[in-house]
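For the protein sequence lines, the chains are A and B, in the order given. Position one of the first sequence corresponds to residue 1 (the numbering used here), numbered consecutively onward. Position one of the second sequence corresponds to residue 10001 (the numbering used here), numbered consecutively onward.
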Amino acid sequence: MQHLYVIIKILITLIIFNFTSEKKQTMLKKINKMKFRYYTLILFVFLSGVVFSQSTISGVVTDNNKIPIPGVSIIIKGTTKGESTDFDGKFSIKASPNDVLQFISLGYSNKEVKVGNQTSINVILEESSEQLEEIVVIGYGTSNKKELVSSVSSIKGDALENQPVSRVDQALQGRAAGVEVVSNSGAPGAGATIRIRGNSSINGNNNPLFVIDGFIVGTGFNLNNLNVNDIESIEVLKDATALSIYGTRGAAGVILVTTKSGKGLESGKPSISVNVYTSVDQVTNEIDILGGEDYVNYVNEAGRFTPGRPVNFGGIPIAVGRTDDSLPLQYDPSQVQTTDWLDLVTQQALRNNLDISIRGNSENINYYSSVNYFSQEGLLRNSGIDRFIFRNNMDINLTSKLKAGFRLNVTRQKRENNKINYGNIVSSVLPIRSVYDDNGNFTAENPISGSLQRNPIADLELREDHDLVTNIIANSYLEYEIAKDLKLKSSFGATLNYFKNNRYLPGLLPERLDTELGGEARVQTNQSKNILQENTITYKKVFDRHSINVLGGFTWQKINSESVSTLAGGFPFDVLEFNGLGIGSDPETYQVASGFSQRTLLSYLARFTYSYDKKYVLTLAGRYDGSSVFEDGSKYAFFPSVGAAWNIDEESFMKDIEFINRFKVRGSFGIVGEQGISPFNSFDRYNPTFNYFNENLNSAVVLGSPASRGLVWETTEQLDLGLEIGFLQNRISFEAGYYKKVTKDLLLNTDIPNTAGVGRLTRNTGSVQNQGVELLLNTVNVRNDNFKWTSSLSISANRSKVLDLGDEDIILLQNTGNQGNSSAALIVGQPFPVFIGAEYLGTYQDPQQIVDDNRIGRSFLGSPRFRDLNGDGTINNQDALTIGSPEADFFGGLRNTFTYKGFSLDVFFQGSYGNEVFNVLTQTSYYGRGDQNLDPRVLNRWREGVDEVSNIPRAGTSTSVFNPNSTVNVEDGSFLRLRTVSLSYDLPIKSTSLKDVIRNINVYVIGNNLALFSNFSLGDPEVNNFSSGSGFNSVSQGFASGQYPYARSILTGVKIEF
Amino acid sequence: MKKINKITVIFILGLLLFTNCDSFLEEEPKGILQTDNFYNNDREAVLATNGLYRILHRGSLYRTRGLDNYYVNGADLVGPSRNVNGNIHNYLIDEGVADGNGTWGALYEIVRNASDIIARVDGNENLSETIRNQVLGEAYFMRALAYFHLTNLWGDVPYFRELLPIQELSVLTRVSKNIITTDMKADLEVAFNLLPDSYGDAELGRATKAAAKTLQAKYYLFDKEWQLTIDACNEIIDKSPHRLLANFADVFDQTDKENQINEEHIFVVDFTTEGVFGDAGTSRTDDYTPRGSRDEPADVSQRAAFLQDLEDRDEEMTGFAFAIPLPEFADKANWDADDLRYDATIVQEYIGYRLKFPYFRKFWNVTTTSPRFDHHENYIVFRLADVYLMAAEAENELNGPANAYVYVNEVRKRAFDPDKPWSGMTQDSFREAIRDERKFELAAEGHRKMDLIRWGILLDVVKSVQHRPFNNPAANIQEKHLLLPIPQQELLLNPNLLITDPTNNGYR
C-alpha cells in the first residue's frame, strides 16, 4: 500500500500546485470527484495480485545480431518480482524451477522462458514494431522518448486500426490529453473542432496545424482526404519547444501524421491486408418538437391575448393582459394534422469501407501502397460521401549515403451535400404544415407567417447539390550523408486541390414554381496550390556520455487559390442542369465572380539538443519566420524556446527503488506565433457591387472594410511542466502535465463605431491566458497467459482567461439567435468566451411586480420577467450578466481493453463535465414566436385561469417584443458517452490448412455512440458548435441550434492479412 | 569526394536561389480594387456614385421597413394586422431596443462614401467636366439626404465632411443639428448647380436638380424658413420637368416594370425583381399586402372561391401586412365623401370579397410578377404633390392663405370630380386643413410622423388615435420619443457621444 500512498500524494500535490490560489477552492471540489476515480482505478491495479518466490538464475539478453540489450525487465510471471539487465545485457534473478520468466523490453517482443533446471538462460529478443513507441515523431525529425523535453501525445497503430471513423479528428477524440475534439455535426465528412490546450487566439486561427509526413498542409486541411487506415502514428505537439520550430503557425498546436511504410517488416515478404466493413447508422438523441394540436392550441391562445384588462392598483389602472375569448380562433385544433418532418427527412444510413494495402521491404527499398474505397450515406436522406484514396509511399537507398523517397496521396471524392437545412426544420418548419397540398403539390409556405418557406421533402427530391474534390499530396525527398553523422535533406512537395460544387435548383421547387423563376444552376470551382520546399541539415553525435543533435533548416512555402463561381437562372427545362449553364434563359440572373488569394512564407529554423548520460537533456529550438501578410518592416519575427528534462530513473540513487522504472520531469518555455490575418489585409479597397437604374443593371463600388495597418504577429508564451512516471515495469505509467500560455498582441478584430466604418478593424491589442493540467494513466491491470486487461484514462482541464482587451472591457460576440441581444462575449478577467444574458426570474404573477419593475404597459401577468439590474425599466445589454461558459471543468476518456485468447474487447467512454451549452432555440421555442416551432416545455406554460403560477411564459406576451438572452438559454452541457465498444476475434486458423496462405483473419463488431448520459434538453449537447471557422466564430462555441444529429452506428468488418 | 561536392553544391545552389527573399514575401494584391488606384476615368467615377444608390437598398433604409419604422410607424395612420413589430408600434424603443443601429450605420456609410467621392473627384483632371459635375452633385445630394435622416431621427449627431482616419471617426462628438442643416442647405445649392435636369431612360433614378431642390425645401420647411421653402418649391414647380399626374391612383401604379417612373416622381429608389444581388428587390411591398391564409377574405367560407378568383387573375396575396391602415383612417366616414383618393388609398373589399382587414391599396401589388421578398416597386422618396403642399403650408405660415390656395388646389384638382378647391379660410383653419390634406394625399409615404413632430402634436395624436387591441402606444409614448436614442452599440464604442448630452436624448 505504500506505493499507492506515494502515487496519490504525487498526484494531489501536482494538481494543487497547478492551480492558482483563486480557483483552488472550487477546483478542489471537482478534483475530489476526479480523485475518487483514481483511487478506485489504482486500487484495481494493485488487487491484481502479488506473490513471491526463491532461487538464482543468470544469463544474457541479446537481439538478433547478438548485441546485448540493456534494461530488459525480467519478471517472474504472476508476481511483481523482477530484475533488469545491465549495460551488457546481463542479469541474475532468484526464481524457483516452476517459475516462468518474462523478458520485457520496449521495442522488442516479449518472451517467456520456463526456469526448470536451468541456472543459466540466454535469451534472444526479436525486435518488434512496438519499438515505434520509443521513438516519437517531432517537427523536422524524431526523438527518443527519453531525450524528449516536450509534451507530445502520441497515438499509435492499434488505437487507430479498425476504428469506425472516416477522419483523423474523430480518431483523436478522447485519446490525447489536452486535446479537446468536439464533433460539430453528424453529417458525413463533417469536421470536428480540435482545440489543443484551449483557444489561444480570438480572431486568428485556433485550429491545429496539420503536417502530413513532414509536409505542412495547413490548418484548413480537409481531413477527408486522408485514409485513417494509412496512418502509422499521430503525434500532437503541445508545448513551446515542440511548436516553436513551426514558428508562426504553431500557436494552436501541431498535429503530425505519419503514414505507413514498409520499414521494420521481414525482408522480401510482402504483407497484404484486406479490410472490409459495413456499418448501419441511425439517428439517436432526437430533438423533441411540439406536435400539431399542442402547437395550434398555443397559437390560438397567443392570438387571443390582448394587453388590456386594467386592474386598479393604488389608483392607477394597470393593464395585466387578458385572454379575449371573443376573438376568433385562428385554427381549429380538431382539423390539425401533424407532420413529423424530422422523421421524414432522416434515414437509416449505410456505410461501407474497403481497404487493400500491400507493404514490404527488400534490401534497398521499402514500400507501402493502399487503395481505399469509402462510401457513407448521411442520416439525412440524399446526402453522403463516396471516396477513393490511393496512397503510395516508398523509400529507396540509392547508394549507401544517398537516400530518396516519396509520399503520394490521391483522393477523389464526391460529397452529396445536404439538400435541406436541418436546423431550420428543427426551428421553423411547423408540424401543422403538410408536405403536399390538397392538389398533391408540394406546399410552399409557412402556414402561420404565410411566407415562402422551402419544403424539405421537395428539397430532398428535387435539389442537386454536390462537391467534387480531387486532392493530391505529393512530396519527395533526397537525403545525403555528407560525412558520418552529418546529413543533408532536401524535400519538395505540393498539395493540389481541385474543388467543384454543382448546384441546381429545378424550376419545380415549390418556392420557385410559385414565382415562375425556372431552374437555377450554380457552379463554383476553386483551385488551390500549396508548394513547400525545405532544406535541413542534421548532425548527430554520441561521444562518451554526451549526445548532441543539431538541426538547421531553411524553408519556403507558397499557398494560393483561385476561384470562379457562376450562376444562371431561368432554366426553361431541367434536363441539363448545371452542365448546361448556357441554357439559363434569364440574363438578369447571371452571376460570375472570380477571386485570388495568396500568401508566402520564408523561414529559417534550428534546434539543438544536448543530453548527458541520458540523465539531463537540454533543447533549444527556434524559427525565424517571414510572412507576406504583414507590411514591410514587420514581415519577420523570431520564435525561440528552451526545454529541459531530467530522467531521474537514470540516477544511481534510483536504482534501488525497484518499483519505479521510469521517472522523468521536464519543462519548457518558449514563444510561438500566429499570423491570424488574411492576405491583402493592409490595403484600403472598394468592394465591387451593382445597382439598378430604371431596371437597368449598373456596376458599382462601395468602400470595403477598413484596412488594418502596422500589424505584427500574435505571440504566445508558453510554459510547460511535465512528469512521467512508470511503475512495476511500466504496468502503471502515469503522465501529468501543466501548462500556462499567455497570448499577447492579439490580432483582434475590434468593433468600430458605425461612424468610422463598416465591419471590424484588426488591431494588435489585448491578451489571453490558458492554463491547465493533463493527466494520463495507463495501466496493465491483469496480464497472464490468456487474459490481459489494460486501461487508459486521460483527463484534461483547461482554464482560459481574458487578461486584456485593449481599450475595451468587453467585446460582444455575434448574436446567435433570431431575437435577443448578444449571447456571448469576451470579458476581461473571465474565461472566453462567456455566455451573457439577463437573469430570468420566471413570470409575472402579481401586478405589484409589474409596478415594481416599472413595466406597466410592457409586461403583463404571465410575461417573462428578467432582472433589471440598473432599474431603468428596460432589459438590454446593460442588464447582462455572465451566465455560463462553454469551457468544461474537465474532459477526458477512459478506455478499457480486454484480450482473451483471440478475443479483444475495447470499451471507450468519453465525456465532459461542467461545460454549459447555449440553447439558441429557446429564443423562439420557449417564448413562442408565432411562426416558429415550440419546445415541449411550453406545455406547462402560464395560462389564465388554469395555471397562474407557471414560470414558463404565457402564450402571446412575448411574441413580438424583445426577449433578451437569459439564464433560461443556458443549460448544463456535461455528458458521458459510451463512445465505442469494439469486439474483435482472431479466427483460429493456425490449426487449419489456411495458415499457409493467410496469416490472420480478424472479424470485428464495433458499436459507436451507444449511450449518452446528459441532462441537455435539445438532443445531443456535443452537437453545439456555432462554427469551426476562423475569426470570432472560432471562439463562439457551445451554441446548440438543432444542428445535424450525431449517429449511433453498428459496424461489422473483417480484416484478412496475407 | 568529388561526388560529395556535386551534391552539396546542388543543395547550396538551391539555397542561393532564395537569397533574394524580400521580393518573395511582397504581396501582390491581385483581385482587389485598391482605393488609391481609382478614379482614372469617367466610368470609374460613375461606379463610385452607383455605390451610393446601392446603399439605399439596405434593409435598414428603403428595402424593408428600415426608415419606415421611424417615419411611417408610430403615428396615426399605419399599424400591423397582428402582434408584430411591437417595440416600434408600442413605443418600447430604448437604448439597445429598436434603437435604429442599422439605419444609423447605413446612413453613415453613405456619408463616408460620398465624402470619399467628393475628395477624390473634386478637381480631378482625369474626368470630363460633365461627369465630374454630375458625380459631385450626386455625392453632395446623397450626403445631404443621409444627414437629413440622421438629424430627423437623432437630432444632434456626429458630423464630418471628409473621410477622416478611422481613429478620428471613432471618437466624434455630437454636433448641433443647426450647424449640420445649415451646411447641408448650402451643399444642396452646390448639388443643384452641378446636377443635370434629367437623365436618359436608362439612368432614371439618379438624383436631378429637382431632387436636390426638394430635399433643400424640406430642410427649409423643417427649419420653418418659409420664404426659402417657397422659393425652392417654386423653382421645382416652375422649372423642373415634373408634372402632377391627372389621376391620383396612377402615381402609385407600378405594376408595369418597364414603366414605373412617372413624371410626378422626383426621386425614387429603384428596385427590381430577380436582380443579380441580394437586395435588388424590395420586400416593403409585402408589408402592405394581405397574407395568404389569415387575412383574406373576412368570410372564411369564401376563401376557396377567392383564391380561385385570384389565381384566374394571376394574382395572389402573400405578404406580411405589417402595415395596414389604423381603423379611423380606414373608415371612409372620416374622409370627405367625395375624395377620390380614398379608393386609391384604402382597400376594404377586393374583387367582390370583403377582406378581414383594410389595406393600403396604393402600395400593394398582388400580381405574381412581383414576387414576395423580391418586388420591383420603387420607393418613392419625393414626389411633386408634396412640393405643392409644402409651398402651400409655407405660404400660409408666412403670408396667410391668400396665395397658398393656388398650390393646394393644384393637388386637390385630381382628388375631386367635380373639383373642390379651397377658399375663404383663415390662416388657422388653413393650417388645420393642410395638415389633413397632407394626411390624405401622402398617407404612408414616410412623411406623416415628421409632420406631426414638426407641428408639435405627435404625442397628442398618438394618445388619442384608436389602435388595434394588441397595440397600446398611448400608454408608453413620452416626450423623449420625438428622437431616437443614440444606438447603444454606438455608445459602447464611442462614449464621446454622451459628452454633449449625457441623457442621450432623454433615454438615460
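Even glycine gets a Cβ: it sits at the ideal position worked out from N, Cα and C.
For residue i, the nearest candidate out of the options (CA to CA)
| i | options | result |
| --- | --- | --- |
| glutamine 524 (chain A) | A:Ser383, A:Met394, A:Leu994 and A:Ser565 | A:Ser565 |
| glycine 757 (chain A) | B:Gly10066, B:Leu10052 and B:Ala10106 | B:Ala10106 |
| glutamine 335 (chain A) | A:Gln527, A:Ile432 and A:Gln376 | A:Ile432 |
| arginine 954 (chain A) | A:Arg412, A:Asp544, A:Phe891 and A:Val938 | A:Val938 |
| arginine 381 (chain A) | A:Ile420, A:Val371 and A:Asn502 | A:Ile420 |
| tyrosine 367 (chain A) | A:Ser597, A:Gln102 and A:Gly405 | A:Gly405 |
| asparagine 10476 (chain B) | A:Ile318, A:Thr339 and A:Asp437 | A:Ile318 |
| aspartate 649 (chain A) | A:Glu724, A:Gly178 and A:Asn698 | A:Glu724 |
| aspartate 10250 (chain B) | B:Lys10213, B:Asn10504 and B:Arg10341 | B:Arg10341 |
| phenylalanine 690 (chain A) | B:Arg10120, B:Arg10054, B:Ala10391 and B:Asp10099 | B:Arg10054 |
| alanine 797 (chain A) | A:Gly82, A:Ser96 and A:Ile196 | A:Ile196 |
| tyrosine 10071 (chain B) | B:Asp10460, B:Ile10230 and B:Val10381 | B:Val10381 |
Sequence-distant residues of its chain with Cβ nearer than 6 Å to residue i (five each side left out)
| i | result |
| --- | --- |
| aspartate 10510 (chain B) | One cannot answer for residue 10510 (chain B) here, as it falls past the ends of chain B, which runs 10001 to 10508. |
| lysine 90 (chain A) | Val60 |
| glycine 552 (chain A) | Ile537 and Ala606 |
| leucine 10482 (chain B) | Ile10453 |
| lysine 901 (chain A) | Asn786 |
| leucine 894 (chain A) | Leu793 and Phe909 |
| asparagine 18 (chain A) | Note on asparagine 18 (chain A): pLDDT 38, under 50, position unreliable in the model; the coordinate value appears next. Cβ within range, chain order: Tyr738 and Val773. |
Close beta carbons around residue i, own chain, < 7 Å, minus the five adjacent residues each side
| i | result |
| --- | --- |
| glycine 10400 (chain B) | Gln10427 |
| lysine 611 (chain A) | A small correction: the amino acid at residue 611 (chain A) is serine; lysine does not occupy that position in the sequence shown. Excluding positions up to five away in sequence, the list reads Glu147, Ser547 and Val617. |
| phenylalanine 10322 (chain B) | Arg10065, Pro10080, Val10084, Asn10085 and Asp10287 |
| serine 767 (chain A) | Val742, Thr743, Lys744, Leu746, Leu803 and Asp804 |
| aspartate 465 (chain A) | Asn417, Lys419 and Arg503 |
Three-way DSSP call (helix, strand, coil) for residue i in this model
| i | result |
| --- | --- |
| alanine 10098 (chain B) | coil |
| glycine 582 (chain A) | helix |
| tryptophan 556 (chain A) | strand |
| tyrosine 140 (chain A) | coil |
| aspartate 10183 (chain B) | helix |
| valine 10175 (chain B) | strand |
| methionine 10425 (chain B) | coil |
| methionine 394 (chain A) | strand |
Contacts around residue i, its chain only, beta-carbon distance under 8 Å, and the 5 residues preceding and following it disregarded
| i | result |
| --- | --- |
| serine 800 (chain A) | Gly198, Asn199, Val768, Gln769, Asn770, Pro831, Phe832 and Glu887 |
| glutamate 10044 (chain B) | Phe10038 |
| threonine 259 (chain A) | Ile212, Asp213, Asp230, Ile231, Glu232, Tyr368, Arg391, Asn393, Arg407 and Asn409 |
| leucine 10052 (chain B) | Ile10110, Asn10113, Ala10114, Ile10117, Glu10138, Ala10139 and Met10142 |
query: Fully enclosed by the segment 431-471 of chain A, which beta strand (DSSP E) runs are 3 residues long or longer?
result: List check, beta strand (DSSP E) in window: nothing returned.
- request: Taking only runs that begin and end inside the segment 310-357 of chain A, name each unbroken alpha helix (DSSP H) of 4 or more residues, in chain order.
  value: Taking only runs of at least 4 residues, the alpha helix (DSSP H) segments lying wholly in the segment 310-357 of chain A are 341-345.
task: Return the chain-ordered ranges of every alpha helix (DSSP H) run that is complete within the segment 10021-10073 of chain B and spans a minimum of 4 residues.
output: The segment 10021-10073 of chain B is shown to contain whole alpha helix (DSSP H) runs of 4 or more residues at 10042-10055 and 10068-10071, in chain order.
- request: Kindly confirm or deny that the segment 388-399 of chain A and the segment 440-460 of chain A touch, where touching means at least three C-beta pairs closer than 8 Å.
  value: The segment 388-399 of chain A is not in contact with the segment 440-460 of chain A.
message: In chain order, what are the residue ranges of uninterrupted beta strand (DSSP E) at least 3 long that sit wholly in the segment 776-837 of chain A?
response: Fully enclosed beta strand (DSSP E) runs of 3 or longer: 787-804, 810-812, 824-827 and 834-837.
field: Runs of beta strand (DSSP E) wholly within the segment 729-779 of chain A (minimum 3 residues, chain order)
entry: If you keep only unbroken beta strand (DSSP E) runs of at least 3 residues inside the segment 729-779 of chain A, you get 732-744, 747-751 and 760-764.
message: Closer than 8 Å is the cut-off here; do at least three beta carbon pairs connect the segment 10173-10185 of chain B with the segment 663-670 of chain A?
response: Using a Cβ-Cβ distance cut-off of 8 Å, the segment 10173-10185 of chain B and the segment 663-670 of chain A are not in contact, since fewer than three pairs of beta carbons, one from each stretch, lie closer than that value.
field: Segment contact flag, the segment 688-703 of chain A with the segment 631-641 of chain A, C-beta cutoff 8 Å, min 3 pairs
entry: Result no; under three Cβ-Cβ pairs closer than 8 Å.
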